[in-house]
Structures are given as structure tokens and as C-alpha cells.
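Participant: In order, the protein sequences belong to chains L and F.
According to our numbering, the stretch in the first sequence is residues -9 to 214, in order.
According to our numbering, the stretch in the second sequence is residues -9 to 214, in order.
We put the CB at the ideal spot given by N, CA and C, even for glycine.
As the structure is a prediction and not an experimental result, all values here were calculated from the model.
Number of protein chains: 2
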Amino acid sequence: MTKAVCLMSGGMDSTTAAYLAREQGYEIVGLHVTYGQRTEGKEKQCARTIARLLPAREFLEVDIGYLRILGGSTLTDQQRVIADYDPQREELPDTYVPFRNANLLSIATSAAEAKGAEAIFIGAQAHDYSGYPDCRPAFLEAFQEVINRGTRDTTSITLHAPFVHMTKAGILKIGIGLGVPYEHTWSCYRNEGLACGRCGSCHFRTEAFREIGVRDPLSYEEIP
Amino acid sequence: MTKAVCLMSGGMDSTTAAYLAREQGYEIVGLHVTYGQRTEGKEKQCARTIARLLPAREFLEVDIGYLRILGGSTLTDQQRVIADYDPQREELPDTYVPFRNANLLSIATSAAEAKGAEAIFIGAQAHDYSGYPDCRPAFLEAFQEVINRGTRDTTSITLHAPFVHMTKAGILKIGIGLGVPYEHTWSCYRNEGLACGRCGSCHFRTEAFREIGVRDPLSYEEIP
Chain L
-9 MTKAVCLMSG GMDSTTAAYL AREQGYEIVG LHVTYGQRTE GKEKQCARTI ARLLPAREFL
51 EVDIGYLRIL GGSTLTDQQR VIADYDPQRE ELPDTYVPFR NANLLSIATS AAEAKGAEAI
111 FIGAQAHDYS GYPDCRPAFL EAFQEVINRG TRDTTSITLH APFVHMTKAG ILKIGIGLGV
171 PYEHTWSCYR NEGLACGRCG SCHFRTEAFR EIGVRDPLSY EEIP
Chain F
-9 MTKAVCLMSG GMDSTTAAYL AREQGYEIVG LHVTYGQRTE GKEKQCARTI ARLLPAREFL
51 EVDIGYLRIL GGSTLTDQQR VIADYDPQRE ELPDTYVPFR NANLLSIATS AAEAKGAEAI
111 FIGAQAHDYS GYPDCRPAFL EAFQEVINRG TRDTTSITLH APFVHMTKAG ILKIGIGLGV
171 PYEHTWSCYR NEGLACGRCG SCHFRTEAFR EIGVRDPLSY EEIP
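Below, the structure written as C-alpha cells:
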């Protein structure tokens, strides 16, 4: 069986991507990366549960707390406030963690090359989110080139970002079809107990469930 | 003053690159990355000393011990033996750490974007070393593209690899001209006390000093 390294944050998109990889016949090497974000405890718990349920052949946990130390994001800075979702907002949200996905993909590629995996799955999607530059298709295409040139000539690793052109509702539809247990996924940027219902991430999650007419199994502080 | 993030391993090439960045008028943000390699204690000590001497405006230390856990290299695996330098060897040396430089450059880019630096310096050089894929010019060019596409549209970061087409002797000549204190750099893959004189890294270092007719300030277990 061919192995795939699946980046598993504990959120909806990456969980769905891991189930899709399983459906496509890959043996899953789950990779969860901690970078000092606020809701990490809950996210890791979700990723571990999903790895057990898939089941993944192996589950790797990597800590890159340096991203918090380097700063530059409200997501990793407990002193700063996470803004409510604002549909009028045009600039990049301050939850952007500088170049985060390149860090994640580098780790995933090192893991894939060390363990002989031929694929990497990432749940990145460019549509709903407000333009994180490291979620864009063009970024992911460039990263594939970096993988091709920066690994052994005998190594062949394909980067799969199956949802990069899809909406969150579209991803959710696929996941429902695959039987993804969304009760074991987490999206809220703010809380680890009850989801807040007001941050950008809760906004897009609840909107996706509403759009496809399925009940979100999570509970919210405030009904969005 | 414009800031440059300089990757500083404690070795000859990256130290020379940092002195070159200083010469070109940059304010230095030094970045030392630990990844569980054998001689890390000595390398970090050298990098710290160089940061103090430059002097760097800031010196960041980042731990990515996960590379050791992922495995795949004799450089990070204490159970395996580092081979002596062998001029006949054609395949990639087993000191290759899978995709290491992409991990280092991702961290450097996150740091540069978070801190408003416009340049990154890496001491990579393709000539002497036996074909580490993540030291090749084509890899570095592809990484520049990833930086352009994966950071904010308002961010502009140029990746400088000034020595990528040079030999180690050529780099050393430049460094001697810039007054680089090579007594505070470390190259040996095996030891932290006396350099072994027999591993690939000692081989290329001592050969470079010999070629330009300058005495290497380090002492060796075995005169190479």
C-alpha cells in the first residue's frame, strides 16, 4: 500500500482530506503540528481521535512553537484579541500566521521522504477564507516544484490539495458522503469548550452546515 | 537600516554569509536552528559567539528536533555511524537530512515576514558537497517563488544564497577579506571537542584552507 502523509489540524478541511486519502487507497501517516495557537489542546485531541478512527498507520505530533515566538498573528498571541468575523473587511485578517503553511509542508515533505510516502494531503482551500496567501493555488503549485527540486532525485512526492478550488460547503458535502465524524473536528479560533460562534472560523463552518442543510454536531456559545 | 535574517549554523559558509550581509549594509537578525544533529552544542556556541561579534541586532534560536524524530539521516541518528569521506562515493551521503533546507528557509521566511526583514541569507553552496538536493541553485530559485506567492502581497523578501555557485575555497577567500573569525566556526560532523579530520565536512574545510594557503585555526584529532 502506498503511504500518504496527511496534515491533520483537527479541523474540518484537513480531516475531510485525510478521509479522502483513505478512500483513494492510501495508508495514512497522520501529522499534527502544534504552533502555539490558542485552541491547540482541543485541536490536538480532535486530530488524535480522528487518527484512531481512520485508522492511521502512524500519527506524528510535531511542535513548532517558534511560530508563536516569532509573532505576527493574533492566533498565537494571547495578548491580542481575535476580531469577530466582519464581511466588510478587505485586508488580510490578523489571524494570518506568517508563512505557516510553508512550515507545515516542509515538515510533511521531510516526513514523507524519511518514511517513503509518495503523497502529501493538505486541506487548504482558497475560496471562503479571506485570502491567506499560503492557501492560494499558486503557492501550492510553487511548493510542488520546491519538493521536486529539494528532495532526492529518486524521491517522488505529489502534493494533493484536493479542496483548493472548493467552497467549505462543497468540502462538507464530500465529507458527509465519506462518513467523516465532524463531532470530532474543531474550528473555533477562540475557545476550546463551547465554540464562540462569532470568529471567522466559526462563521465559515456554521455557514457551510447551513448551506447544505445538515446540523452541525458542535454546540455554540452564541447561535451564529 | 534594512534588516536581513541570516541563517547561522555556526559553520564556515553561513558565518561568511552573515559577514557579507553586514558588509552590504544590512542589520542582522541571526537565526540558529537546532535539529538534533550530533555536534549541536558546539555549533550553537559558535553561532552565539558570531552573533555577539558581528554584532547581530537580534539572535533567534529555534528548535526543530522533529527532524531527528522523523529520521532518515546519520547526522541526527546517534545509533548510526558517520562514514569517513570517500572521494569514490557517487550516491548522496547518508548525512543528508531530508528536505532540511526547506524547513530552515520556511522558518527564516516566517521570521522575516513577522519582523519586517527584506532579505534572507543562506550559506548554501552546491559545489563541494556531494549533491545535497536542497543546496542546489534550482531548489533555491523555486523557493524564492514560494516566498513570493506564500507571503502577504505587501511583503517583499529576497533570498540571497551568495555562495551557491562557489567553491569552499572561494568562500573562504571572501571571508578572510571580511575578517571572519574562523576560530569561532565549526564544521566537524562527528565531534565537539577536537575536529575528527576524516568526515566529509572536515575534508572540505581543511582542503579549502590548504588551497588558499591559510592555516585553519582549529585543531584536529588526525591531521587530514
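1. Given C36 (chain F), which residues of its chain have a CB within under 6 Å of its CB, disregarding the five upstream and five downstream residues?
2. Cα-Cα, which of F:E211, F:A198 and F:L168 is closest to G187 (chain F)?
3. Indicate whether the contact test is met: 3 or more Cβ pairs, each with one atom in the stretch 6 to 19 of chain L and one in the stretch 194 to 211 of chain L, closer than 8 Å.
4. Determine whether the Cβ of P88 (chain L) lies closer than 9 Å to any Cβ atom of chain F.
5. Taking the alpha-carbon positions, what's the G61 (chain F) to H150 (chain L) distance?
6. What residues from the stretch 104 to 124 of chain L come within 7 Å of chain F, judged by C-beta to C-beta, listed N to C?
7. Any beta-carbon of chain F closer than 9 Å to the one on D143 (chain L)?
8. Is the shortest distance between the beta-carbon of Y56 (chain F) and the beta-carbons of chain L less than 9 Å?
9. Per the contact definition of three or more C-beta pairs closer than 8 Å, is the stretch 129 to 138 of chain L in contact with the stretch 85 to 99 of chain L?
10. How would you call M2 (chain L), buried or exposed, if buried means at least 16 neighbouring beta carbons within 10 angstroms?
11. Any C-beta of chain F sitting closer than 9 Å to the C-beta of D3 (chain L)?
12. Could you give the C-beta distance for V52 (chain F) and K105 (chain F), rounded to a whole number, given that I count them as a contact under 8 Å?
13. Going along chain F in order, which residues have a C-beta closer than 8 Å to the C-beta of T64 (chain L)?
14. Of all the alpha helix (DSSP H) runs that stay within the bounds of the stretch 8 to 94 of chain L, which reach a length of 4 or more residues?
15. Closer than 9 Å, CB to CB, is F153 (chain F) near chain L or not?
16. What is the rounded straight-line gap between the Cα of C192 (chain L) and the Cα of D74 (chain F)?
17. Candidates F:I213, F:F199, F:G55 and F:P123: which alpha carbon is nearest T157 (chain F)'s?
18. In terms of alpha-carbon separation, which member of F:R28, F:R126, F:A132 and F:E103 lies closest to S63 (chain F)?
19. Nearest by alpha-carbon distance to G160 (chain L): which of L:G55, L:T39, L:T141 and L:E201 is it?
20. A128 (chain L) versus chain B: which residues are under 7 Å apart at the beta carbon?
21. Compute the Euclidean distance between the alpha carbons of C125 (chain F) and G169 (chain L), then round it to the nearest angstrom.
22. Report the neighbours of I40 (chain L) on chain F: residues whose CB is nearer than 8 Å to its CB, in chain order.
23. Just confirm the distance between the C-beta atoms of V87 (chain L) and Y25 (chain L), as a whole number of angstroms; I'd bet it's less than 8 Å.
24. 9 Å is my cut-off, CB to CB: does N93 (chain F) come that close to chain L?
25. Going by DSSP, what residues sit across from F111 (chain L) in a beta bridge?
26. How big is the Cα-Cα spacing for L82 (chain F) and T148 (chain L)?
27. For E226 (chain L), decide whether its Cβ has a neighbour in chain F, counting only Cβ atoms nearer than 9 Å.
28. Would you mind stating whether E182 (chain L) and T145 (chain L) have Cβ atoms separated by less than 9 Å?
29. Measure the CB-CB distance between T6 (chain F) and G190 (chain F) and report whether it falls below 9 Å.
30. If distances are taken between C-alpha atoms only, which option among L:C178, L:P127, L:M(-2) and L:V23 comes closest to V154 (chain L)?
31. Along chain F, which residues have their Cβ under 8 Å away from the Cβ of S146 (chain L)?
32. Can you give the beta carbon distance from A92 (chain F) to A132 (chain L), rounded, assuming they're within the 8 Å contact cut?
33. Which residue's Cα is closest to the Cα of G31 (chain F): F:R195, F:P152, F:R180 and F:E197?
34. Which of the three DSSP states, helix, strand or coil, is assigned to Y172 (chain F)?
Facilitator: In brief:
1. G0, H174, T175 and W176
2. F:E211
3. no
4. yes
5. 23 Å
6. A104, P123 and D124
7. yes
8. yes
9. yes
10. buried
11. no
12. About 13 Å separates the two Cβ atoms, so there is no contact after all.
13. In chain order: nothing, as chain F lies at least about 13 Å away.
14. 30 to 43 and 56 to 60
15. no
16. 56 Å
17. F:F199
18. F:R28
19. L:E201
20. Although the question refers to chain B, the structure presented lacks it and instead comprises the protein chains L and F.
21. 43 Å
22. In chain order: nothing, as chain F lies at least about 20 Å away.
23. 7 Å
24. yes
25. L:C(-4) and L:H150
26. 22 Å
27. It is not possible to answer for residue 226 (chain L), since the shown part of chain L is limited to -9 through 214.
28. no
29. no
30. L:P127
31. Within chain F, no residue comes near S146 (chain L); the closest Cβ sits about 13 Å away, beyond 8 Å.
32. With a Cβ gap of about 12 Å, A92 (chain F) and A132 (chain L) do not count as contacting.
33. F:R180
34. helix
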